[in-house]
Every structure is written in C-alpha cells, then in structure tokens.
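A.B. asks: Have a look at the structure that comes next, please.
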Amino acid sequence: MDMRSTGSLDMLAVLGFLACWLTHAIGQKVLTQPGLMSVNLGDTATLDCNIEKDESNNVYWLKQVPGSPPQHILGFYYTKSASEDYGTGFSSSRFNSKAKNKIDYQLLISNVEASDSAVYYCHTWDDSASSRVSQ
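So the sequence shown is residues -27 to -1, 1 to 108, counted in mature numbering (1 follows the signal peptide of the UniProt record, and there is no 0).
The following block contains the structure:
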C-alpha cells in the first residue's frame, strides 16, 4: 500500500483486509471482511469481520505486511468479552477487539501509525471440526 501526503493534510494510512477462509473436515467456513479503508494518522481504525455462523466463541486477528509472513495480533474470546493472547509487538494500548454479537466482530486499532498499513485477517474455526486449517 502506498502512503501519500497532500499539502497540510495528514498522511493517510491505508488498511486493507480481505476475506479469510477456513477449511474443516466437512466443508468450508467463509469469513467476510470489507475490502479497503483509509484512516488518518492518529485516528482509530475499526475493521469488521463476520463469521457467518454462531459456531465458535473465539476470533483471532492477523496482520500481514506484503512480503512478510502473517503476525498474530490477538485473540478475542466471546464468552469472556475480552481481548487476550497478544502477539509479540502488539498490546492492548493500541489493539483491541470486540463483538457486536456472536457473528460480528471488530478489530480496533487506536492512534493509527503509518506502520499499520497492511492486510488484516480474522480467523476462527468450527468447534465441531477435529482439526483446523487456515488458508
């Protein structure tokens, strides 16, 4: 993603995030995320994720900078209404998640920085599956 400065306007941080698919033993679970957003530096970015069915109590968020492997940001646990399990370099001072209901989740990035420009994924799994694979 390119970063631009226009006159006296703040530089825009472009946060892209895509749909993520999860395959399990009996089928495929599709998670839906909108395509692209722009946020002013210093503002809060809110990224949405719909997990389609109420089959899991956990949603995990990942960040991927092009050319680098995905990084685990955090896990959100619906039953606890809490963001936990933060990845290296991510903390609750800037990264949090919340549930609007049992299928709609949000990642909130406070005080957006230029380095937040990346592709963001949410993932979960069907609790009935004996194994999980993220694609």
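All C-beta atoms, glycine included, are put in the ideal place defined by N, C-alpha and C. In this text, all values refer to a predicted model and were calculated from it rather than measured experimentally.
Hey, residue 26 and residue 51: beta-carbon distance below 8 Å or not?
C.D. replies: no
A.B. asks: Let me know if residue 69 comes out buried or exposed under the rule of 16 or more other beta-carbons within 10 Å of its beta-carbon.
C.D. replies: buried
A.B. asks: Any chance you could list the alpha helix (DSSP H) runs of at least 4 consecutive residues sitting entirely within the segment 14 to 69, in chain order?
C.D. replies: Complete alpha helix (DSSP H) runs here, min 4: none at all.
A.B. asks: What is the residue span of the beta strand (DSSP E) that residue 76 lies within?
C.D. replies: Residue 76 -> no beta strand (DSSP E), and no H or E assigned at all.
A.B. asks: Grouping DSSP H, G and I as helix and E and B as strand, with all else coil, what is residue 88?
C.D. replies: Three-state DSSP puts residue 88 in a helix.
A.B. asks: With DSSP collapsed to three states, give me the class of residue 83.
C.D. replies: coil
A.B. asks: Out of 86, 30, 98, state which residue places its alpha-carbon closest to the alpha-carbon of residue 55.
C.D. replies: 30
A.B. asks: Which whole-angstrom value is the C-beta distance of residue 95 and residue 38, which I expect to be below 8 Å?
C.D. replies: Contact flag wrong, Cβ pair sits at about 17 Å.
A.B. asks: From this set, 46, 79, 80, 71, which residue's C-alpha is nearest residue 64's C-alpha?
C.D. replies: That would be 46, whose Cα lies nearest to the Cα of residue 64.
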